[in-house]
Every structure is written in structure tokens, then in C-alpha cells.
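K.L.:
If you count the sequence shown from 1, you need to add 1407 to reach my numbering.
Ideal Cβ positions, reconstructed from N, Cα and C, are used throughout, including at glycine.
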Amino acid sequence: MLDDFMVRAALAGTGVALASAPLGCFVVWRRMAYFGDATAHAAMLGVALSLVLSVSLLASVLVVALIMALVVSLLSDRGYTMDTLLGVMAHAALAFGLVAVSLVQVARLDLMSYLIGDILAVGRRDLILIWGGALLVVAIMALRWSGLLVSTLNPDLARASGVDPRREQLLLTLSLAVVVAVALKVVGVLLIAAFLIIPAAAARPFSRTPEGMAVLAAVVAIVAANGGLVVAWHLDTPAGPTMVSLAAICFVLMTLAGLVHRRLGQRHTRTT
1408 MLDDFMVRAA LAGTGVALAS APLGCFVVWR RMAYFGDATA HAAMLGVALS LVLSVSLLAS
1468 VLVVALIMAL VVSLLSDRGY TMDTLLGVMA HAALAFGLVA VSLVQVARLD LMSYLIGDIL
1528 AVGRRDLILI WGGALLVVAI MALRWSGLLV STLNPDLARA SGVDPRREQL LLTLSLAVVV
1588 AVALKVVGVL LIAAFLIIPA AAARPFSRTP EGMAVLAAVV AIVAANGGLV VAWHLDTPAG
1648 PTMVSLAAIC FVLMTLAGLV HRRLGQRHTR TT
């Protein structure tokens, strides 16, 4: 069954969707969208180091993403605002990564696959890495859900409850680095943050509980991943951007539906 490249692509997209959905909810709740974008951009430097040093792509991207996150955390209390640090480090890492990749002869033809993904080229080994990373992230989210949630809503309450907000932040950072590393092959450096944020944002208007939002975000992400593959197959468009475009369409439709539902609810309340 896995000899069919479309089946492998669908499995890869589903794995990334499952990993990105719950994490994306915390990114939205904590207003860490720019942080996710910066971590994704830093992945390009990890790609360059992997090619230059001939080491594992997953390990290289993980190390670079974690280093960037730790440096930002350390410097955020030294007179620089978080958005300034993220802007500088994200674009600097992306620029240095692109320059380094361009200097590696064998990588020139593969540059676009790193930027926008190449899900149709996913192999069996890639599937193992994607699903291994996805299951790791899902396990972290499930085991630490209460601690992550309370530290997100109220850090002071979290400390009073015996939960260390810094530890939960570190777990989120680690999970984000893992998702970036495994999603690189699917949607690429430039689109990873979008795949994290858009499904979670689309699920928000119809979610009454955090758990419900995470589940609905996963559904939206899976639909966008697999539907995007089908659309890309028929229209002969790049798979990664098509998947993100479909997620964006879901966001617009669900946002409009949420507004209509709210208006109807308000009218019904006034009438009664």
C-alpha cells in the first residue's frame, strides 16, 4: 500500500495535521504566532547545516529551533521586546540559511522543496519520522494538558497550583521545534507557521471548550491536508501551498458562519 506516493503523502499530511492542531491552539491562545513563524524560518539554517555537515535533517532543525528559542527567551529581559528579537532572529536565520544552502551545489535544485515543501516525495523513512514526531507531540500535549492550559490562562494561578509556567513554556518550545522539523518535508519553511495557526483560528468560533477547539482544529487540519492533496493533483499546483490555501478557505467560511450564527442568536435573544 505504501508504494503509492499519494497514500504516503496523505499519511504524511494527516500526521502533521494531528501534531500541529493541539499545538496550534496553544500558539493562538498565547499569541505566539510570530514565535512559530520565527522558529519555522530558523529551520532553513538547520537545513543548511544538515547539508554542509552531512548530519540528520531532523536533528539539525531541532537543534537550531531550540537554540533560537532559548536565545530569544534569554534576551527578552535584556531591553529588547519579544517581537523585535523574533523579527531579527527569524529573518537573519532565514537569510543565512538561504545563503548557506545556495553555496551547497547539490542543494540548489532542492531549494524550493525546502521552502514550500515536497509532500509527494515523502518516503517510508520520512513517514516514520513524521508519525514518530507527531505521536511525541500529541503525547506531550495529552500528558501536560492541564498544566499547559492553566499556565496559559493564568501563570500566577499555575504557580499557586504547583505548576511551573517556565517548564510548560519549555515543553511548548520543544513541541514546536519537533513539529517544525517533521513538517518541513510536507509544507516547507515558509508555510509551517500558517499550518499551525490557521486550523486553530478556524476552529475558535465554534469551540466552547479548549479540548473541543483542539479536536475541531485537528479535523480542519486533516481536511485541509488531504483535500489540498486532491486539489493539487487535479489542478497540478504545488501541494503545500494548496493545502494551506484550503485551510485559509476553511478559516474564512467558518469565521463567516460563526458571525452569522452569533447574529441569529442575538436576534433570537431580543425577540424572546
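1. DSSP on P1645, reduced to helix/strand/coil?
2. Using only alpha-carbon positions, find the residue among M1439, G1530, E1575 and W1538 that is nearest to L1555.
3. Can you grab the Cα-Cα spacing for the pair L1578 / L1522, in whole Å?
4. Terminal residues of the continuous alpha helix (DSSP H) containing V1414?
5. Does R1669 pass the burial test, meaning 16 or more other C-beta atoms within 10 Å, or should it be called exposed?
6. Specify, as a first and last residue, the run of the alpha helix (DSSP H) that F1602 falls within.
7. A1631 to W1640, Cα distance in whole Å?
8. Could you tell me which of A1455, V1423 and I1474 sits nearest to T1580, measuring between CA atoms?
9. Counting only runs of 3+ residues fully inside the stretch 1517–1548, write out the beta strand (DSSP E) ranges in chain order.
10. Check the C-beta distance from V1544 over to S1558 and give it rounded, since I have them as a contact under 8 Å.
11. What first and last residue would you give for the alpha helix (DSSP H) that runs through G1453?
12. Are the Cβ atoms of I1537 and V1589 separated by less than 8 Å?
P.N.:
This is what the structure holds:
1. In the sequence shown, counting from the first residue as 1, residue 1645 sits at position 238. P1645 falls in the coil class under three-state DSSP.
2. Counting from one through the sequence shown, the residue named residue 1555 turns up at place 148. Per the Cα distances, E1575.
3. The sequence position of residue 1578 within the sequence shown is 171, counting from 1. The sequence position of residue 1522 within the sequence shown is 115, counting from 1. The alpha-carbon atoms of L1578 and L1522 are separated by roughly 26 Å.
4. Stepping through the sequence shown from its first residue, residue 1414 is reached at position 7. Residues F1412 to W1436.
5. Along the sequence shown, read from residue 1 onward, the residue named residue 1669 stands at position 262. Exposed, by the Cβ-count rule.
6. Counting from one through the sequence shown, the residue named residue 1602 turns up at place 195. Unbroken alpha helix (DSSP H) run through F1602: I1599 to A1610.
7. If you number the sequence shown from 1, residue 1631 lands on position 224. If you number the sequence shown from 1, residue 1640 lands on position 233. Their backbone Cα atoms lie some 14 Å apart in a straight line.
8. Taking the first residue of the sequence shown as 1, we reach residue 1580 at position 173. It is I1474 whose Cα lies nearest to the Cα of T1580.
9. none
10. Position 137 of the sequence shown holds residue 1544. Position 151 of the sequence shown holds residue 1558. So it is not a contact: roughly 17 Å between Cβ atoms.
11. Sequence index remark: in the sequence shown, residue 1453 carries index 46 (1-based). Where G1453 is concerned, the enclosing alpha helix (DSSP H) stretches over A1440 to L1460.
12. On the sequence shown, position 130 is the one that residue 1537 refers to. On the sequence shown, position 182 is the one that residue 1589 refers to. In contact: I1537 and V1589 (Cβ atoms closer than 8 Å).
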